[in-house]
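Colleague:
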């Protein structure tokens with residue numbers, strides 16, 4: 001049935017907005033304004049407080065945790081491995097699996113392991129290298145591989161997607177783009193906050209994605225370590241020793257996640273200052289170059305042999321880049337901790353405090 005013209009006009013009047021009276025306008029003006037739907041910029045402190053995580057840590061606190069990790073490794077070595085006994089035969093492949101990336105020839109490592117005075121220091125070095133070489137985001141080698149990193153593998157895969165093509169955060173020969181690294185700093189902090197429950201509060205449960213890589217690292221280390229285990233561990237304490245080693249590796253993974261969640265970018269400096277001072281390097285790396293110390297390098301040497309006084313067992317932790325993407329020179333404010341050399345601790349591990357003092361539970365609580 002066709003509507004009349006008057007019916008259509010009546011319908012249009014109902015649809016057409018009516019002019020408000022002065023009373024209506026006055027009433028509307030008295031109502032509170034609607035809140036803006038545009039989200040306000042977030043800050044890292046807001047993210048951490050919302051998620052219940054800790055904010056950026058001070059240099060002193062990071063040094064405490066870094067040194068605590070070293071003490072845990074040393075205590076594990078002291079508890080489970082022996083300085084006694086003659087040199088034992090170990091295959092080249094066993095040594096290379098436990099020292100992947102260390103720029104010392106395997107025969108020299110074998111010789112140092114065979115000497116009771118340097119054995120404990122070398123075992124400490126192998127465990128420390130296994131952990132720290134898998135702990136940084138901006139590093140080539142095992143750290144940058146989802147199949148070996150001690151960071152959550154999905155985080156490393158996500159980072160790799162940032163680095164494709166003419167990438168924002170690829171470390172090339174030129175200067176890195178500060179703006180892009182500043183964005184990456186925000187991404188790190190936000191990701192760490194969002195993953196806090198999975199990788200801190202509920203760390204190392206069945207669903208922790210780091211577990212597979214930790215077990216792979218354990219299998220790389222254990223054939224070497226088992227060779228020098230104390231007789232009690234060999235006979236009836238293997239499970240306890242391996243469980244302790246697993247806890248040490250987990251503690252290292254926790255520290256890696258702590259570093260990842262910090263605004264700045266970090267590196268471990270394994271260069272041997274003593275070797276450099278003795279002229280045992282063809283070219284000394286540029287200390288101001290972030291790229292020169294992200295490569296896998298213990299003493300910046302290749303074929304020139306190092307003495308026990310020149311081999312770095314434990315590196316220093318260096319703040320390489322700030323949260324704004326600016327590269328930092330090495331100074332007292334950016335270098336945390338002192339390097340430890342084989343000769344400094346050879347034969348001195350007998351005075352290490354009891355291992356129980358450095359358990360995962362307390363008092364050293366890395367990453368929580």
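Numbering (UniProt numbering), first residue to last: 1 to 368.
Backbone N, C-alpha and C define an ideal beta-carbon position, used for all residues, glycine too.
Note that the coordinates shown come from a computational prediction; the quantities given were computed from them, not determined experimentally.
#1: Among the candidates 314, 201, 345, whose CA atom is the shortest distance from the CA of residue 267?
#2: Roughly how many angstroms lie between the CA atoms of residue 328 and residue 239, to the nearest whole one?
#3: Less than 8 Å between the CB atoms is what I'm expecting for residue 73 and residue 248, so what's the real figure, rounded?
#4: DSSP three-state call for residue 228: helix, strand or coil?
#5: Could you tell me how far apart the beta carbons of residue 69 and residue 255 are, in whole angstroms, since I believe they sit closer than 8 Å?
#6: Helix, strand or coil: how does DSSP classify residue 219 here?
#7: Among 250, 222, 189, which residue has its Cα nearest to the Cα of residue 209?
#8: Determine, using beta carbons only, whether residue 338 and residue 316 come nearer to each other than 9 Å.
#9: Is the Cβ-Cβ distance between residue 229 and residue 80 less than 9 Å?
#10: Mapping the DSSP letters down to three states, classify residue 262 as helix, strand or coil.
#11: Report back the beta-carbon spacing between residue 63 and residue 336 to the nearest angstrom; my notes put them in contact at under 8 Å.
#12: Can you tell me whether residue 134 is buried or exposed, with buried defined as 16 or more other CB within 10 angstroms of its CB?
#13: Measure the C-alpha to C-alpha separation of residue 150 and residue 112 and round it to an integer number of angstroms.
#14: Taking a contact to mean a Cβ-Cβ separation below 9 Å, would you say residue 276 touches residue 246 in this structure?
#15: Within 10 angstroms of the Cβ of residue 244, are there 16 or more other Cβ atoms? Answer buried if so, exposed if not.
Modeller: In terms of the structure at hand:
#1: 314
#2: 45 Å
#3: 6 Å
#4: coil
#5: 5 Å
#6: helix
#7: 250
#8: yes
#9: yes
#10: coil
#11: 4 Å
#12: buried
#13: 28 Å
#14: no
#15: buried
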